[in-house]
Amino acid sequence: MPDVIITSGGTEEPIDSVRSITNFSTGSTGAFLARYFYQIGCHVELWKSERAMNPEEDVHIREFLTYEDLSQLMRRELPMRTKPFLFIHAAAVSDYSVEKITDHSGQSFPQTKTQKISSQNSLMIHLKPNPKLLNSIKSLNPLAQVIGFKLTVGPPEPHIQDWIETQLSQGTVDAVVHNNLNKIKNNVHPHQIYTHESPPLSGKTKSDMAQNIAQLFLRSSS
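Every letter in the sequence shown is one number past the one before it in the numbering used here, and letter 147, counting from 1, is 172.
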């Protein structure tokens, strides 16, 4: 069975020693996928954020906290793979990192994990965009078969189909899993998985998602 690497959970971008910018990803989907692929006989690595959920199975775990942590992990580990593998990029990676912190007078405050900024100051946090890690995976190792995730909220975004088609046409991913936050509740996890082929595979649960991903990977690697 093939090797599988899964990224999971949300990154955190520190403001100071006690505050950070993050998201509400729990890593439950990544943990579920890790369990599934482990149980069907794959060698599984789960690259998870420090606060993300752990799977019950004894899979190999590596942890990250920030965008840069995960970026360095990918740059260090992916080029070392010498046989085809599946990379499921389910982590909720921050689109922005803190560039600098200033007050109303323009005075800068050092961004550090060892000090706390006084709450008496009114602050402005300047953010810089992070390059998309999803787009770098195949350049780090062309043996990777890459599955990316696209989460939307509320009514269907008018350009979501264009985004998915562009992502696939650029050759940075082999499949995109699209789901809508408003439709995810308890064990219900509706999704569509888009590939270069059509129509997309659909499912209503995380179990459906895992089976659909396995079907796509096993078929494409046969």
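For glycine and all other residues, C-beta sits at the position ideal for the given N, C-alpha and C.
1) Using the beta-carbon count (16 or more within 10 Å), is E37 buried or exposed?
2) How far does the beta strand (DSSP E) with R76 in it reach, from first residue to last?
3) Do P27 and A59 have their CB atoms nearer than 7 angstroms?
4) To the nearest angstrom, how far is the alpha carbon of M149 from that of G34?
5) Kindly identify the DSSP beta-bridge partner or partners of F62.
6) Just mark T191 as buried or exposed, buried being the case when its beta carbon has 16 or more other beta carbons within 10 Å.
7) Excluding five sequence neighbours on each side, which residues of the same chain lie with their C-beta closer than 8 angstroms to the C-beta of L158?
8) Taking buried to mean at least 16 other C-beta atoms within 10 Å of its own C-beta, is H214 buried or exposed?
9) Counting only runs of 3+ residues fully inside the segment 153–226, write out the beta strand (DSSP E) ranges in chain order.
10) Label S227 either buried or exposed according to how many other C-beta atoms from any shown protein chain fall within 10 Å of its C-beta, with 16 as the threshold for buried.
11) Assign L241 to one of three DSSP states: helix, strand, or coil.
12) Taking 8 angstroms as the cut-off, does the segment 219–238 touch the segment 48–66 (at least 3 CB pairs, one atom from each stretch)?
13) What would DSSP say about R106, mapped onto helix, strand or coil?
14) Which of the three DSSP states is assigned to D128 in this structure?
15) In three-state terms, what does DSSP make of A56?
16) For the beta strand (DSSP E) that contains F89, what are its first and last residues?
17) Can you tell me whether M149 is helix, strand or coil according to DSSP?
18) With contact counted as at least three CB pairs below 8 angstroms, one residue from each stretch, are the segment 165–176 and the segment 120–132 in contact?
19) Taking 6 angstroms as the limit between beta carbons, can you name the residues of its chain near N237, skipping five residues before and five after?
20) What residue does the beta strand (DSSP E) around S33 start on, and which one ends it?
21) In the structure shown, what three-state DSSP assignment does E70 receive?
22) Compare the beta carbon distance of V163 and V43 with 7 angstroms and say whether it is the shorter of the two.
Considering the structure as presented:
1) By the 10 Å Cβ count, E37 comes out buried.
2) R76: not part of any beta strand (DSSP E); DSSP gives it neither H nor E.
3) At a Cβ-Cβ threshold of 7 angstroms, P27 and A59 do not count as neighbours.
4) Spanning the two alpha carbons is a distance of roughly 27 angstroms.
5) None, per the DSSP bridge assignment.
6) Around the beta carbon of T191, fewer than 16 other beta carbons lie within 10 angstroms, which makes this residue exposed.
7) Its chain contains Y92, L95, S96, M99, H114 and V118 as the residues whose beta carbon lies nearer than 8 angstroms to that of L158, once the 5 sequence neighbours on both sides are disregarded; these appear in chain order.
8) So H214 counts as buried.
9) Annotation note: the segment 153–226 contains the following uninterrupted beta strand (DSSP E) runs of length 3 or greater, listed N- to C-terminal: 169–177, 200–205 and 216–220.
10) It is exposed - the Cβ of S227 has fewer than 16 other Cβ atoms within 10 Å.
11) Looking at L241 - three-state DSSP - the assignment turns out to be helix.
12) The segment 48–66 is in contact with the segment 219–238.
13) The answer is coil: DSSP assigns R106 none of H, G, I, E or B.
14) D128: strand per DSSP, three-state reduction.
15) If DSSP states are grouped into helix, strand and coil, A56 belongs with the helices.
16) Element bounds for F89: H85 to F89.
17) Here M149 sits in strand by DSSP.
18) No contact exists between the segment 165–176 and the segment 120–132.
19) I218, L226 and G228.
20) Counting along the chain, the beta strand (DSSP E) containing S33 begins and ends at D28 to S33.
21) The DSSP-derived three-state label of E70 is strand.
22) Contrary to the premise, residue 163 reads as Lys rather than Val in this sequence. It is not a contact, given that the beta carbons lie outside the stated cut-off.
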